[in-house]
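Worksheet for the structure shown next.
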Amino acid sequence: MLRKLLHAAATIVVFVALATIALQVLCTKAYADAGILTLKFNFTTALADVLPSSTGALRDRDLLEDLQDGARSALNAAATRVADAASLAESAISSAAAAAPSLEEYVPRNCSLGTMRFCVGYKQDVNCSDLPLNLSSLLPEGVQELPGPVQDAIRDRAEALSQLAESSTRFPAFSVPATLISGLVLMSIVATLSLSLAFGRPQVVTRVFGRLKAVPRALALLALGLMCCSPFVLLGVILDIILRAAGELPSWVGVELGEACRLGFAALACALVLTFISAAAPSAAVHRPGEDAKGKE
1 MLRKLLHAAA TIVVFVALAT IALQVLCTKA YADAGILTLK FNFTTALADV
51 LPSSTGALRD RDLLEDLQDG ARSALNAAAT RVADAASLAE SAISSAAAAA
101 PSLEEYVPRN CSLGTMRFCV GYKQDVNCSD LPLNLSSLLP EGVQELPGPV
151 QDAIRDRAEA LSQLAESSTR FPAFSVPATL ISGLVLMSIV ATLSLSLAFG
201 RPQVVTRVFG RLKAVPRALA LLALGLMCCS PFVLLGVILD IILRAAGELP
251 SWVGVELGEA CRLGFAALAC ALVLTFISAA APSAAVHRPG EDAKGKE
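Numbered per the UniProt record's numbering, the sequence shown spans residues 1 to 297.
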């Protein structure tokens, strides 16, 4: 009797933990937009090698001034043209450098991947759309107003995120809420079966599995449990693929793991534990037919 109670208690505790985790992910609104992953990046910093340096411009200007002073008497006209060229170059550099602050108005600062949507954050606004992740949303129309080289550089940086986008589109029909709900329903069947085997009620369940010997019965229950927890396995696989893709992003992209992602792996762990608990039910609590007759003899 003690073994039956321990088995039933373990089944109830693990299933309650699984249900709590799944309901927390489903009911927390914040997880819908930023529960799995958050990417923080600064395109203006990443474009530092594209935008000219103002200190370099000053250094070039000082050099030109020295050359002008050294050859003023003999090359006055030529020095004047050089000074004009330097002024034009400095003006172009200032214009290009002025593009850096304007980038903040057009390009995103972060991107968050949630259980239902992904959101792109700008300086003044946040745009959200349904999954899967679409890189075109990282390149708003305002980018076309920037200089050509800057546009190309931004597109190159955005392409660095293509692997993450591909990982999120690998399973186009995948939905975190639907996966959690279906997995929770299936695992409730496993928990009910485990409790039925522990207490021998209803008898139809006991008769069906009582016809099998201990090892085949445990293997059958294990196979059934693994099939029922397959939604959580799928969830874990997809989350792992996304995390691997995020780990290979460039150094200028900061990656923050969301709480829903951690809870997803915790739900998978609970589902697997419940599967093995149910597989242990026959050897712990199932009464085999014929044992009473042998006892009376």
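Virtual Cβ for every residue (Gly too), placed ideally from N, Cα, C. Model, not experiment: these values are computed from the prediction.
Within 10 angstroms of the Cβ of residue i, are there 16 or more other Cβ atoms? Answer buried if so, exposed if not.
{"i": "L274", "result": "buried"}
{"i": "M187", "result": "buried"}
{"i": "C27", "result": "exposed"}
{"i": "P231", "result": "buried"}
{"i": "residue 300", "result": "In the structure displayed, the chain extends from 1 to 297; residue 300 sits before or after that span and is not available."}
{"i": "R217", "result": "buried"}
{"i": "A85", "result": "Annotation note: pLDDT 48 at A85 (below 50); position unreliable, coordinate value reported separately. The residue in question, A85, is exposed, as its Cβ has fewer than 16 Cβ neighbours within 10 Å."}
{"i": "I189", "result": "exposed"}
{"i": "L239", "result": "buried"}
{"i": "N247", "result": "According to the sequence displayed, residue 247 carries Gly and not Asn. Exposed is the call here."}
{"i": "S278", "result": "buried"}
{"i": "V120", "result": "buried"}
{"i": "S112", "result": "buried"}
{"i": "G254", "result": "exposed"}
{"i": "L37", "result": "buried"}
{"i": "L268", "result": "buried"}
{"i": "L257", "result": "exposed"}
{"i": "A214", "result": "exposed"}
{"i": "A178", "result": "exposed"}
{"i": "L23", "result": "exposed"}
{"i": "L235", "result": "buried"}
{"i": "V176", "result": "buried"}
{"i": "L6", "result": "exposed"}
{"i": "V25", "result": "buried"}
Where does residue i fall in DSSP's three states?
{"i": "F174", "result": "coil"}
{"i": "D240", "result": "helix"}
{"i": "C270", "result": "helix"}
{"i": "C229", "result": "coil"}
{"i": "D33", "result": "helix"}
{"i": "G264", "result": "helix"}
{"i": "G121", "result": "strand"}
{"i": "R201", "result": "coil"}
{"i": "M1", "result": "coil"}
{"i": "P250", "result": "coil"}
{"i": "M187", "result": "helix"}
{"i": "L131", "result": "coil"}
{"i": "L221", "result": "helix"}
{"i": "L212", "result": "coil"}
{"i": "K294", "result": "Confidence is the limiting factor: at K294 the pLDDT is only 46, short of 50, which leaves the residue's position unreliable, though a coordinate-based value still follows. If DSSP states are grouped into helix, strand and coil, K294 belongs with the helices."}
Could you tell me which residues DSSP puts in a beta bridge with residue i?
{"i": "L39", "result": "C111 and V255"}
{"i": "C27", "result": "Answer is none; C27 lacks a bridge partner."}
{"i": "V126", "result": "G121"}
Against chain D, with Cβ distances strictly below 7 angstroms, would residue i count as a contact?
{"i": "T20", "result": "Here chain D cannot be found, since the structure has a single protein chain."}
Say the cut is 6 angstroms; is the CB of residue i nearer than that to a heavy atom of the ligand ADP?
{"i": "L219", "result": "Of the ligands one can find in the structure shown there are none, so the ligand ADP has no counterpart to examine."}
Check your understanding: Does the stretch 215-223 come within contact of the stretch 251-266, defined as at least 3 CB pairs closer than 8 angstroms?
Key -> no
Self-check item: Stretch-stretch touch, CB-based, cutoff 8 angstroms, three pairs: the stretch 112-130 with the stretch 20-37
Solution: yes
request  = Taking 8 angstroms as the threshold, find out whether the stretch 182-197 comes into contact with the stretch 5-24 through three or more Cβ pairs.
outcome  = yes
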